[in-house]
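2 protein chains.
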Amino acid sequence: MKVKEVKGSICVVPSIEASAVYAGLTKKKLDVGLIYSKKPTVSAAVFTKNAIKAAPVIYDMALMKKLPDIRAVVVNSGNANACNSNGSEAVDAIVTKTAEKLGILKEQVFVASTGIIGEDLPYDKIVSALDNLTFTLSHNASGFAEAIMTTDTFKKEYALDCSFYGKQFHIGGVAKGAGMIHPNMATMLAFITTDINITHDMLDRALREAVNKSFNRISVDGDTSTNDTVFIMSTNEAPNEKIENENEIYRFFTDQLTQLCNNLAKMIVKDGEGATKITEVVVVGAFSKKDAELIARSIANSLLVKTAIFGEDPNWGRIVDAIGYSQAYFSINRMKVFIGDTLVFAYGRRADFDKTKVEAYMKNNEIKILVDLGIGVCTYNMWFSDLSYDYVKINAEYHT
Amino acid sequence: MKVKEVKGSICVVPSIEASAVYAGLTKKKLDVGLIYSKKPTVSAAVFTKNAIKAAPVIYDMALMKKLPDIRAVVVNSGNANACNSNGSEAVDAIVTKTAEKLGILKEQVFVASTGIIGEDLPYDKIVSALDNLTFTLSHNASGFAEAIMTTDTFKKEYALDCSFYGKQFHIGGVAKGAGMIHPNMATMLAFITTDINITHDMLDRALREAVNKSFNRISVDGDTSTNDTVFIMSTNEAPNEKIENENEIYRFFTDQLTQLCNNLAKMIVKDGEGATKITEVVVVGAFSKKDAELIARSIANSLLVKTAIFGEDPNWGRIVDAIGYSQAYFSINRMKVFIGDTLVFAYGRRADFDKTKVEAYMKNNEIKILVDLGIGVCTYNMWFSDLSYDYVKINAEYHT
Numbered sequence: 001m002k003v004k005e006v007k008g009s010i011c012v013v014p015s016i017e018a019s020a021v022y023a024g025l026t027k028k029k030l031d032v033g034l035i036y037s038k039k040p041t042v043s044a045a046v047f048t049k050n051a052i053k054a055a056p057v058i059y060d061m062a063l064m065k066k067l068p069d070i071r072a073v074v075v076n077s078g079n080a081n082a083c084n085s086n087g088s089e090a091v092d093a094i095v096t097k098t099a100e101k102l103g104i105l106k107e108q109v110f111v112a113s114t115g116i117i118g119e120d121l122p123y124d125k126i127v128s129a130l131d132n133l134t135f136t137l138s139h140n141a142s143g144f145a146e147a148i149m150t151t152d153t154f155k156k157e158y159a160l161d162c163s164f165y166g167k168q169f170h171i172g173g174v175a176k177g178a179g180m181i182h183p184n185m186a187t188m189l190a191f192i193t194t195d196i197n198i199t200h201d202m203l204d205r206a207l208r209e210a211v212n213k214s215f216n217r218i219s220v221d222g223d224t225s226t227n228d229t230v231f232i233m234s235t236n237e238a239p240n241e242k243i244e245n246e247n248e249i250y251r252f253f254t255d256q257l258t259q260l261c262n263n264l265a266k267m268i269v270k271d272g273e274g275a276t277k278i279t280e281v282v283v284v285g286a287f288s289k290k291d292a293e294l295i296a297r298s299i300a301n302s303l304l305v306k307t308a309i310f311g312e313d314p315n316w317g318r319i320v321d322a323i324g325y326s327q328a329y330f331s332i333n334r335m336k337v338f339i340g341d342t343l344v345f346a347y348g349r350r351a352d353f354d355k356t357k358v359e360a361y362m363k364n365n366e367i368k369i370l371v372d373l374g375i376g377v378c379t380y381n382m383w384f385s386d387l388s389y390d391y392v393k394i395n396a397e398y399h400t
Numbered sequence: 001m002k003v004k005e006v007k008g009s010i011c012v013v014p015s016i017e018a019s020a021v022y023a024g025l026t027k028k029k030l031d032v033g034l035i036y037s038k039k040p041t042v043s044a045a046v047f048t049k050n051a052i053k054a055a056p057v058i059y060d061m062a063l064m065k066k067l068p069d070i071r072a073v074v075v076n077s078g079n080a081n082a083c084n085s086n087g088s089e090a091v092d093a094i095v096t097k098t099a100e101k102l103g104i105l106k107e108q109v110f111v112a113s114t115g116i117i118g119e120d121l122p123y124d125k126i127v128s129a130l131d132n133l134t135f136t137l138s139h140n141a142s143g144f145a146e147a148i149m150t151t152d153t154f155k156k157e158y159a160l161d162c163s164f165y166g167k168q169f170h171i172g173g174v175a176k177g178a179g180m181i182h183p184n185m186a187t188m189l190a191f192i193t194t195d196i197n198i199t200h201d202m203l204d205r206a207l208r209e210a211v212n213k214s215f216n217r218i219s220v221d222g223d224t225s226t227n228d229t230v231f232i233m234s235t236n237e238a239p240n241e242k243i244e245n246e247n248e249i250y251r252f253f254t255d256q257l258t259q260l261c262n263n264l265a266k267m268i269v270k271d272g273e274g275a276t277k278i279t280e281v282v283v284v285g286a287f288s289k290k291d292a293e294l295i296a297r298s299i300a301n302s303l304l305v306k307t308a309i310f311g312e313d314p315n316w317g318r319i320v321d322a323i324g325y326s327q328a329y330f331s332i333n334r335m336k337v338f339i340g341d342t343l344v345f346a347y348g349r350r351a352d353f354d355k356t357k358v359e360a361y362m363k364n365n366e367i368k369i370l371v372d373l374g375i376g377v378c379t380y381n382m383w384f385s386d387l388s389y390d391y392v393k394i395n396a397e398y399h400t
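Chains A and B are the protein sequences, given in the same order.
Here full-length UniProt numbering is used: the first residue of the first sequence is 1, the next is one more, and so on.
Here full-length UniProt numbering is used: the first residue of the second sequence is 1, the next is one more, and so on.
Structure (structure tokens):
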């Protein structure tokens, strides 16, 4: 079994093409992208848990229930197509035109949007752009990665070349994130392609596991959006025997998919609005997984912890405080907290640590916080960004 | 029945005296304060819900169960006396010396601390200061209000002169807040005095109601601290017949106490670290009170809403988004959102409003957001601060 990180993203999968154009939805960058599969696919998706969903999410959720053979994915930035008056009309116009241009059925088109909420989507711009989008399809997904960006400052692409006992397959993905990134999926889009030979059911299961261990474990500001979507499709062209149950290759594939999602998720945290550092909080020794998760989320979402990390201060007091109000079950007398490798809190009080050493550690770009509750065997981890002046700047200056 | 706002705070109550000194716990301000009652009292207190509690909180919680006749309250800033190695030893030294100096019992002394977590409390400084503190007791509480401040930028004092069918009584309070202010009580201290004639049980009930409608409805940054305490004591000297049940004067007193707590709570929000504006979110028409509260808290704690308010942008999309992930029961098709008097969202989409007018409204120092869910009769309201550059500055530059 071999795994190799390779250049590129969704187009590392043969039969997958992509394109992007500037359609005038944003100020001056590619803003509509298209993914196209020349071959039939199986696919799966997970969506935002926000009770208020954008029109494309509502459309896709219904569509995915039909187990469609998705051949095209159309995504725009600049407008979320949510809470407006022409949402479903816009989706219908886009999928109709896409199907027509590609000679496929409307039910073979998946859609997604990201950007401002509440404005009507000027979908005629996207419809017009589809001429160009379908004409310029190629094996280069770099334009697509740009087209889905909003306040992102860099493209998020990742791809793996995998081999399972000589059977080669590929996984590639692009994502966008930046603001409003929270566990439970937040203004975050990710599109993943693969050619592994797998049934719809098993692909769906693999995606849910991978998302739970990656995109659902990151936090930028705790808000969840109306548009979050992670989509995967497989052309099933790889030479492996079709995965129909949780066998060894399923495990191998799911681990690699998790790895890919994790890398995209970490890029999202790194590109969190105004983020200067990425921190991993690992909780071990919890009585239940729920307790471990409560504590990890409480720390990851604490503004005081986030600002302390921005200020490069080993403020274990704020970490302990966040554990205290997490509602998780723990005993302060059995709990230990490490920053990096240094024990900073143990058994109810500050540990006797070398402050200069921990202060130097805080200057790293990646920080690790370990909480050992010492009362069980359950664990949870999360990645989160710090809170800087620029977070405030970006979000206060962004105007409707 | 008359109510008049008057100058001063805890010392508007006859028989209550206060003092403050600089004991060297902070850089250069009064940092230890004392309240003394020349008369016996009944008292009540509510404490932080954080599972990790500071030594004075643990001490006071046990003390209050004995229904003590509290005569003295000693408070220090600069050190939270939490998660350290000498917490209970420090509390014992302080109450012992206070009792000795004032000729009262140890069990008549209530203590509180605020400041940095995890450092040993240099309690000898407080013990030494008690000579001076007891010597300088007077009817001026202004020094005490300063002594409990940490990152607060102004003193928080409020007092009411009340008359119930000719029976006069007083209520006065001081508070400190600033960072880490969240519903459910956060690094927040408040000390309230009154002379109303009331039993312990009814005073306790009145305090809990007042706190639930005031201090528990404010949010600065969502963190709750290890030290939060709201304390009230009454000298019972007012000429009213002793309140022993929920009669008319109980109702009147509790309403005025709520009013006082609300004013102190709003001062805390206004002084939220880096706050430039104070916003009230009011949720009406909810199916249950819990739903109304979930939505109010979700909006009040949303960083995106807080930064939009700092940026003076009427970003109803972020409000709607926060409603969406609140976990509350609502229907987007029946819901309306107002900013000030302007309907900005109704029935699933942006309302047709005059953006210039709402943008002008956003320049006010007090903003109101009204959410009408249109499916019930339950309500909830909260006060919260915006999120500015200065919040990040204060919390990133604050070093352990």
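Just so it is clear, CB atoms sit at the ideal spot from N, CA and C, and this is done for glycine as well.
Just so it is clear, the structure is predicted and the values come from calculations on it, not from any experiment.
Would you call B:ALA322 buried or exposed, if buried means 16 or more other Cβ atoms sit within 10 Å of its Cβ? buried
Inter-stretch contact (C-beta, 8 angstroms, three-pair minimum) for the region 120 to 127 of chain A and the region 92 to 101 of chain A: yes
Notebook entry, point to check: Are the C-beta of B:ASN184 and some C-beta of chain A separated by less than 9 angstroms?
Noted result: Low confidence applies to B:ASN184: its pLDDT is 40, below 50, so where it sits in the model is not reliable enough to give any reading.
Practice prompt. To the nearest angstrom, report how far apart B:ILE148 and B:GLY177 are at their CA atoms.
Written response: 9 angstroms
Quick check: what's the CA-CA separation for B:ALA159 versus B:LYS242? 21 angstroms
If I measure Cβ to Cβ from A:ASN381 and keep anything under 8 angstroms in the same chain, skipping five residues before and after, which residues do I get?
Sequence-distant partners of A:ASN381 (beyond 5 residues in either direction) whose C-beta falls short of 8 angstroms from its own C-beta, in its chain, are ARG217, GLU280, VAL281, VAL282, VAL283, ALA296.
Review point. Mind checking if B:MET180 is an interface residue toward chain A, Cβ cutoff 9 angstroms exclusive?
Key: Reliability of the predicted coordinates at B:MET180 is poor, the pLDDT of 49 falling under 50, and no value is obtained from them.
request  = Please name the residue, chosen from B:ALA300, B:GLY115, B:ASN84, that lies closest to B:LYS369 on a Cα-to-Cα basis.
outcome  = Correcting the residue type first, residue 369 of chain B is Ile in the shown sequence and not Lys. If we check each option's Cα against that of B:ILE369, B:ALA300 comes out closest.
Subject >> Residue-chain proximity (A:ASN395, chain B), Cβ-Cβ < 9 angstroms >> reply: It does; some Cβ of chain B falls within 9 angstroms.
In DSSP terms, what A:ALA141 is bridged to
Answer by DSSP bridge pairing: none, since A:ALA141 is not bridged.
Sort out for me which residues DSSP pairs A:ASP131 with in a bridge.
According to DSSP, A:ASP131 bridges with nothing at all.
Suppose you measure from the CA of A:ARG206 to the CA of A:ASN212; what does that come to, to the nearest Å? The question names Arg, yet the displayed sequence has Ala at residue 206 of chain A. So the alpha carbons of these two residues sit roughly 10 angstroms apart.
Using the three-state DSSP reduction, which class does B:MET61 fall into: helix, strand or coil? helix
Fill in: Segment contact, 8 angstroms Cβ cut-off, at least three pairs: the region 67 to 86 of chain B with the region 42 to 54 of chain B
yes
* Thinking C-beta only, is A:ILE35 closer than 9 angstroms to A:PHE287? -> no
Can you tell which of A:ASN365, A:ASP291, A:LYS336, A:ILE268 has the C-alpha that lies nearest to the C-alpha of residue 401 of chain A? Chain A is shown from 1 up to 400; residue 401 of chain A falls before or after that span and cannot be answered.
Does the CB of A:LYS277 have a neighbour CB from chain B at under 9 angstroms?
no
I need the straight-line Cα distance from B:MET180 to A:THR235, nearest angstrom please.
Note that B:MET180 has pLDDT 49, beneath the 50 cutoff, so the model's placement of it is unreliable and the number below is only indicative. Their backbone Cα atoms lie some 51 angstroms apart in a straight line.
Discussion item. Distance cutoff 9 angstroms, beta carbons only. Does A:ALA308 sit that close to anything in chain B?
Written reply: Using beta-carbon distances, A:ALA308 counts as an interface residue toward chain B, with a partner under 9 angstroms.
request  = Could you pull out every residue in the same chain whose Cβ sits closer than 6 angstroms to the Cβ of B:TYR347, ignoring the five residues on either side in sequence?
outcome  = Answer for B:TYR347: ASN333, listed in chain order.
Exercise. How many Å lie between B:HIS182 and B:SER219 at the Cα?
Worked result: For B:HIS182, the pLDDT reaches just 44, beneath the cut-off of 50, and the residue's location in the model is therefore unreliable, leaving the point undetermined.
(message) Could you compute how far the alpha carbon of A:ALA55 sits from the alpha carbon of A:SER214?
(response) 25 angstroms
Checklist line | Option nearest A:THR229 by Cα separation, candidates A:TYR325, A:VAL174, A:VAL269, A:ASN245 | finding: A:VAL174
Discussion item. In the DSSP output, which residue or residues are listed as bridge partners for B:THR194?
Written reply: B:ILE171, B:SER234
- Message: Just to confirm the assignment: which complete alpha helix (DSSP H) runs, minimum length 4, are found wholly within the region 257 to 327 of chain A?
- Response: 289 to 300, 303 to 310, 316 to 324
Proximal residues, the region 47 to 63 of chain B versus chain A, C-beta separation under 9 angstroms: THR48, LYS49, ASN50, ALA51, ILE52, LYS53
Any C-beta of chain B sitting closer than 9 angstroms to the C-beta of A:VAL74?
no
- Message: To the nearest angstrom, how far is the alpha carbon of A:HIS139 from that of A:LYS155?
- Response: 17 angstroms
Indicate the three-state DSSP secondary structure (helix, strand or coil) for B:ARG217 in the structure shown. B:ARG217 sits in a helix when the DSSP states are folded into three classes.
Handout entry: Start-to-end residues for the beta strand (DSSP E) that takes in B:VAL111
Key = B:VAL111: member of the beta strand (DSSP E) spanning 109 to 113, first to last residue.
- Query: Does B:VAL392 come within less than 9 angstroms of chain A when only Cβ atoms are used?
  - Reply: Yes, B:VAL392 counts as interfacial toward chain A.
message: Using only CA atoms, which one of A:PHE252, A:LEU121, A:VAL75 lies nearest to A:PHE164?
response: A:PHE252
key: Beta-carbon gap between B:ASN81 and B:SER113 smaller than 9 angstroms   = yes
| message | Per the DSSP calculation, B:PHE164 is bridged to which residue(s)? | response | B:LYS167
| said: In the DSSP output, what is B:ILE104 paired with across the bridge? | reply: DSSP, once it has assigned bridges, lists no residue as partnering B:ILE104.
query = For a contact meaning CB atoms closer than 9 angstroms, what does B:VAL320 contact in chain A?
reply = ILE52, ALA82, CYS83, ILE117, GLY118, THR226
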